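Undergrad: Handing you this structure, nothing more for now.
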Amino acid sequence: MIWRSVVGKLWLTILLLVSCVLLILTVLLFQFFENMHLSQIEDELGNHASYIVSILEGEESLDGMETVRQLTETSGTHATIFRGDVPYWTSFQGAVEEEVYIPPMQLAQYEELSLAIRGEESVITQLSYEDRNQNEAEFIVVAAPFEMADGMNYTLLLYQSLAAMEETTQETKRLIFLAAGIGFIMTTFFAFFLSSRITAPLRKMRQSALEVAKGNFDTPVPMMTRDEIGQLAIAFNRMRRQLNNNIEALNREKEQLARVLSSMADGVITLNRMGDLLVSNPPADRFLRSYGYEHQGTELGDWIPEEIQELFRTVVAHEQEETAEVTVQGRSYVVLMSPLYDASFVRGVVAVIRDMTEERQNDKLRKDFIANVSHELRTPISMLQGYSEAMIDDVAQSREEEREMSQIIYDESLRMGRLVNELLDMARMETGQLPMQFESIDLFALSEKVFRKFKQMGEEINVNLNYETFGSNPWVEADADRIEQVLTNLMHNALRHTSNGGSVTLHVIDVKEGIKIEVKDTGSGIPEEDLPFVFERFYKADKARTRGQNNGGTGLGLAIAKNIVENHDGEISVQSIVDRGSTFMFFLYRKS
Numbered sequence: 001m002i003w004r005s006v007v008g009k010l011w012l013t014i015l016l017l018v019s020c021v022l023l024i025l026t027v028l029l030f031q032f033f034e035n036m037h038l039s040q041i042e043d044e045l046g047n048h049a050s051y052i053v054s055i056l057e058g059e060e061s062l063d064g065m066e067t068v069r070q071l072t073e074t075s076g077t078h079a080t081i082f083r084g085d086v087p088y089w090t091s092f093q094g095a096v097e098e099e100v101y102i103p104p105m106q107l108a109q110y111e112e113l114s115l116a117i118r119g120e121e122s123v124i125t126q127l128s129y130e131d132r133n134q135n136e137a138e139f140i141v142v143a144a145p146f147e148m149a150d151g152m153n154y155t156l157l158l159y160q161s162l163a164a165m166e167e168t169t170q171e172t173k174r175l176i177f178l179a180a181g182i183g184f185i186m187t188t189f190f191a192f193f194l195s196s197r198i199t200a201p202l203r204k205m206r207q208s209a210l211e212v213a214k215g216n217f218d219t220p221v222p223m224m225t226r227d228e229i230g231q232l233a234i235a236f237n238r239m240r241r242q243l244n245n246n247i248e249a250l251n252r253e254k255e256q257l258a259r260v261l262s263s264m265a266d267g268v269i270t271l272n273r274m275g276d277l278l279v280s281n282p283p284a285d286r287f288l289r290s291y292g293y294e295h296q297g298t299e300l301g302d303w304i305p306e307e308i309q310e311l312f313r314t315v316v317a318h319e320q321e322e323t324a325e326v327t328v329q330g331r332s333y334v335v336l337m338s339p340l341y342d343a344s345f346v347r348g349v350v351a352v353i354r355d356m357t358e359e360r361q362n363d364k365l366r367k368d369f370i371a372n373v374s375h376e377l378r379t380p381i382s383m384l385q386g387y388s389e390a391m392i393d394d395v396a397q398s399r400e401e402e403r404e405m406s407q408i409i410y411d412e413s414l415r416m417g418r419l420v421n422e423l424l425d426m427a428r429m430e431t432g433q434l435p436m437q438f439e440s441i442d443l444f445a446l447s448e449k450v451f452r453k454f455k456q457m458g459e460e461i462n463v464n465l466n467y468e469t470f471g472s473n474p475w476v477e478a479d480a481d482r483i484e485q486v487l488t489n490l491m492h493n494a495l496r497h498t499s500n501g502g503s504v505t506l507h508v509i510d511v512k513e514g515i516k517i518e519v520k521d522t523g524s525g526i527p528e529e530d531l532p533f534v535f536e537r538f539y540k541a542d543k544a545r546t547r548g549q550n551n552g553g554t555g556l557g558l559a560i561a562k563n564i565v566e567n568h569d570g571e572i573s574v575q576s577i578v579d580r581g582s583t584f585m586f587f588l589y590r591k592s
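The numbering of the sequence shown is UniProt numbering, which starts it at 1 and goes up by one.
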């Protein structure tokens, strides 16, 4: 609505102000003109009365009354002469109903005229008279005592109706109302024009402010004038540009912070003083979802672990950095929480959530590695030491016993050599220093070669070996010696863990992306809890599922096979069911 706008308010204010001024001025003008007309009538009536008195004074008869009558008719007045308190003469002639007329006796009854009628003093007064028709009229009466030649005291009562003055007053009122109306209309026009001119730049600023509120900072305010409003427009444009620069800087910093947080490997969460979650990055979201799934059965919602809540309360209370360790879904997390200050007041905390699972596992693997290497080396070293001492002490009674001891020492030294070589290969592959001789090889031919190598071994232990190929394109870019090493390891493990009457099958499958190789056996299988660790160093199946101490490996074969396949950008996996067998699979991609 217009009344709620600045234009309407300013327009209405000016109109009310001008209306009040016009109203007061009109009332004062009405009063002024009414008093002026009344004063004029009184002055004219007094002058007429003085003139008539000057005519009648010294007259010996009423011969001059005709002159008085003519004067009263000309001036529109009426005259009545009292001699003493008795009406002596009146200028009125004609029917009483046709003119405004005050009977002489009625005049004598007015208290205001009593002193003049008695000849004491002159009087000018305003009287009200109501005739027989209940019509009330206002009169101006001048009472002037005088003395004629006969020595008697006379009083001239000269009166005039105010009807003529009323007509003049009404005409004056009409002129005043006309002038006031014209002034009001002009004021309305100019007030609206002035309001529009003043508020036009303000409306532009309002529109620009709305655009700024929407985030559009490219809408300048035009400088339409050079007054205070123009200066306001300049200040607004300067503020808009500065605000745009500040918001762009904040957006850049926000985007930079968001990218930093999203690219961090550690989780980061920010809590306010009430413990409500404000900010979190993707690793922290995964941590919270895992915690919610573990404790609430759903990944929805921001479930803050109780350990973190307790740590939060401690940090807020003591206003110092604290750490805690939380275990979620089998993974170990370390939480480092620091207070955030608003001046000297703690307004919240920031927590860094670091996944320490790999570090813990690496520490465990390092300890297990040392223990396993020590265990693997202890046996052959003990045997080498024992049989060497036996040979030095001439314990052997015959040449055959001496040859047997020498053979044992030789076998154990070979075993130690294999272990050392495998450890060196593992270290080289993990550091990327093991050279790979990539060339185009026929995996059908290579796999058949490995199969024939183990054919005799399978017959000796009564295990049925099968070999199948599928497809027509066996060529891939690979290191033939290393792939043969992988196939040899998988076939050897399958034969070792397959009992009499079982079977081992080698599948080589040509698919669109590359070559898939499967080694499937019907042996003892691998327990489900051990499946995630079969490709770790020194992993060994349970002793009860091996063929004996002589067939025990070093536990590095599968770890080496995994590294070789991964160095070929391939994939290796295993599926197994206890007492039903295992299937080892690896896939080599063709180079595009």
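Think of the CB as a built atom: it goes at the ideal place given N, C-alpha and C, for glycine as much as any other residue. Keep in mind the model is a prediction, meaning the values are calculated, not measured.
Going by C-alpha to C-alpha distance, which of E34, M585 and L556 sits closest to L419?
TA: Locating residue 419 in the sequence shown gives position 419, where the first residue counts as 1. Here the closest residue by C-alpha is L556.
Undergrad: Would you grab the beta carbon distance between Y129 and H78 for me? Rounded to a whole angstrom, and I think it's under 8 Å.
TA: By 1-based counting over the sequence shown, the position of residue 129 is 129. By 1-based counting over the sequence shown, the position of residue 78 is 78. Between H78 and Y129 the Cβ distance is about 12 Å, and since that is not below 8 Å, they are no contact.
Undergrad: Is the Cβ-Cβ distance between S332 and T357 less than 8 Å?
TA: Your numbering for residue 332 matches position 332 in the sequence shown. Your numbering for residue 357 matches position 357 in the sequence shown. For S332 and T357, yes; Cβs fall inside 8 Å.
Undergrad: Does DSSP put E322 in a helix, a strand or coil?
TA: Translated into positions along the sequence shown, residue 322 becomes position 322. In the structure shown, E322 sits in a strand (DSSP, three-state: E or B).
Undergrad: Just verifying my parser: in three-state terms, what is the DSSP assignment at H497?
TA: Translated into positions along the sequence shown, residue 497 becomes position 497. It is coil, neither helix nor strand.
Undergrad: Can you tell me whether K543 is buried or exposed? The criterion is at least 16 other CB atoms within 10 Å of its CB, across all chains shown.
TA: By one-based count along the sequence shown, residue 543 stands at place 543. In this prediction, K543 has a pLDDT of 43, which is less than 50 and means its spatial position is unreliable; what the coordinates show is noted afterwards. Per the 10 Å Cβ criterion, exposed.
Undergrad: Can you look up F584 in the DSSP assignment and give me helix, strand or coil?
TA: Numbered from 1 along the sequence shown, position 584 holds the residue referred to as residue 584. Correct three-state label for F584: strand.
Undergrad: Would you mind sorting R537 into buried or exposed? The rule is 16 or more other CB atoms within 10 Å of its CB.
TA: The residue given as residue 537 occupies position 537 in the sequence shown. Classification for R537: buried.
Undergrad: Do you know how far the Cα of F438 is from the Cα of E571?
TA: Taking the first residue of the sequence shown as 1, we reach residue 571 at position 571. Taking the first residue of the sequence shown as 1, we reach residue 438 at position 438. E571 and F438: Cα-Cα distance of roughly 17 Å.
Undergrad: One question on the structure: do V508 and L443 come within less than 8 Å of each other, judged by their Cβ atoms?
TA: Indexing the sequence shown from 1 puts residue 508 at position 508. Indexing the sequence shown from 1 puts residue 443 at position 443. Result yes, Cβ atoms of V508 and L443 sit closer than 8 Å.
Undergrad: Can you tell me which of the three DSSP states D425 falls into?
TA: Residue mapping note: residue 425 aligns to position 425 of the sequence shown, counting from 1. In the structure shown, D425 sits in a helix (DSSP, three-state: H, G or I).
Undergrad: Buried or exposed for P283, please, with buried defined as at least 16 other CB atoms from any protein chain shown within 10 angstroms of its CB.
TA: Start at 1 with the first residue of the sequence shown, and residue 283 comes out as number 283. Buried, because 16 or more other Cβ atoms sit within 10 Å of the Cβ of P283.
Undergrad: Quick one, which of V141, L28, F33 and I102 has its alpha-carbon nearest E44's?
TA: Along the sequence shown, read from residue 1 onward, the residue named residue 44 stands at position 44. Minimum Cα distance to E44 is reached at V141.
Undergrad: How is the alpha helix (DSSP H) around T74 delimited, first residue to last?
TA: The count along the sequence shown starts at 1 and reaches residue 74 at position 74. M65 to S75 is the extent of the alpha helix (DSSP H) around T74.
Undergrad: Please state if the CB of I526 and the CB of S582 are separated by a distance shorter than 8 Å.
TA: Position 582 of the sequence shown, counted from the first residue, corresponds to residue 582. Position 526 of the sequence shown, counted from the first residue, corresponds to residue 526. Against a cut-off of 8 Å, the Cβ pair of I526 and S582 comes out as a contact.
Undergrad: Assuming K214 is part of the beta strand (DSSP E), what are its boundary residues?
TA: Indexing the sequence shown from 1 puts residue 214 at position 214. Neither: K214 is in no beta strand (DSSP E) and is coded neither H nor E.
Undergrad: Measure the Cβ-Cβ separation of V348 and R226 and say whether it is below 8 Å.
TA: Position 348 of the sequence shown, counted from the first residue, corresponds to residue 348. Position 226 of the sequence shown, counted from the first residue, corresponds to residue 226. In the sequence under discussion, the amino acid at residue 348 is Gly, which differs from the Val named in the question. No, the Cβ-Cβ distance between G348 and R226 is not below 8 Å.
Undergrad: With DSSP run on the structure shown, which of helix, strand or coil describes N550?
TA: Along the sequence shown, one-based indexing puts residue 550 at 550. Below a pLDDT of 50, predicted positions are generally treated as unreliable, and N550, at 44, falls in that range; the measurement from the model is reported next regardless. Helix at N550.
Undergrad: From the DSSP output, which residues share a beta bridge with R83?
TA: Your numbering for residue 83 matches position 83 in the sequence shown. DSSP lists V86 and Y154 as partners of R83.
Undergrad: Nearest-angstrom Cα distance between L277 and N245?
TA: Looking up residue 277 in the sequence shown gives position 277. Looking up residue 245 in the sequence shown gives position 245. In a straight line, the C-alpha of L277 is about 30 Å away from that of N245.
Undergrad: Check for me: the alpha helix (DSSP H) holding V142 runs from which residue to which?
TA: In the sequence shown, residue 142 corresponds to position 142, counting from 1. Here V142 belongs to no alpha helix (DSSP H); instead the beta strand (DSSP E) covers E136 to E147.
Undergrad: Just curious, the beta strand (DSSP E) that F533 is in, first and last residue?
TA: To locate residue 533, count along the sequence shown from 1; it is residue 533. Element bounds for F533: n/a, residue is neither H nor E.
Undergrad: When every heavy atom of the ligand ADP is checked, does at least one fall within less than 7 Å of the C-beta of M36?
TA: As for the ligand ADP, it is missing from this structure, which has no ligand bound.
Undergrad: Considering just the uninterrupted stretch of the beta strand (DSSP E) at K591, what are its terminal residues?
TA: Locating residue 591 in the sequence shown gives position 591, where the first residue counts as 1. Run containing K591: none; DSSP gives neither H nor E here.
Undergrad: Residues in its own chain within less than 7 Å of T469 by CB, not counting five upstream and five downstream?
TA: Within the sequence shown, residue 469 is the residue found at index 469, counting from 1. So the qualifying residues of the chain are F444 and V508.
Undergrad: What does the alpha-carbon distance come out to for the pair Q329 and I308?
TA: Counted from its first residue, the sequence shown places residue 329 at position 329. Counted from its first residue, the sequence shown places residue 308 at position 308. When rounded, the distance between both Cα atoms is 16 Å.
Undergrad: Measuring straight from C-alpha to C-alpha, what distance separates Q170 and F33?
TA: The sequence position of residue 170 within the sequence shown is 170, counting from 1. The sequence position of residue 33 within the sequence shown is 33, counting from 1. About 10 Å.
Undergrad: Just grab the DSSP bridge partners of M337 for me.
TA: Your numbering for residue 337 matches position 337 in the sequence shown. For M337, DSSP records a beta bridge to E322 and A351.
Undergrad: For V221 and L22, what's the separation of their Cα atoms in angstroms?
TA: Sequence index remark: in the sequence shown, residue 221 carries index 221 (1-based). Sequence index remark: in the sequence shown, residue 22 carries index 22 (1-based). The alpha-carbon atoms of V221 and L22 are separated by roughly 39 Å.
Undergrad: Using a 10 Å radius around the Cβ and a threshold of 16 neighbouring Cβ atoms, would you call G267 buried or exposed?
TA: Taking the first residue of the sequence shown as position 1, residue 267 is located at position 267. Buried is the call here.
Undergrad: I need the DSSP call for A478, collapsed to helix, strand or coil.
TA: Position 478 of the sequence shown, counted from the first residue, corresponds to residue 478. It is a strand residue.
Undergrad: Ordered along the chain, which non-local residues of its own chain (more than five positions away) have a Cβ less than 7 Å from that of S262?
TA: Counting from 1 along the sequence shown, the entry for residue 262 is found at position 262. The residues are N281 and P282.
Undergrad: Less than 8 Å between the CB atoms is what I'm expecting for V486 and F586, so what's the real figure, rounded?
TA: As a working note, residue 486 is residue 486 in the sequence shown. As a working note, residue 586 is residue 586 in the sequence shown. Indeed, because the Cβ distance is near 7 Å, the residues count as touching under 8 Å.
Undergrad: Whole angstroms are fine: how far does the CA of F535 sit from the CA of K413?
TA: As a position in the sequence shown, residue 413 is number 413, starting the count at 1. As a position in the sequence shown, residue 535 is number 535, starting the count at 1. Checking the displayed sequence, the identity of residue 413 turns out to be Ser instead of Lys. About 26 Å.
Undergrad: At which residues does the alpha helix (DSSP H) containing K562 begin and terminate?
TA: Here residue 562 corresponds to residue number 562 of the sequence shown, with the count starting at 1. Segment G557 to N567, the alpha helix (DSSP H) holding K562.
Undergrad: Cα separation between A179 and S19?
TA: As a position in the sequence shown, residue 179 is number 179, starting the count at 1. As a position in the sequence shown, residue 19 is number 19, starting the count at 1. The alpha-carbon atoms of A179 and S19 are separated by roughly 13 Å.
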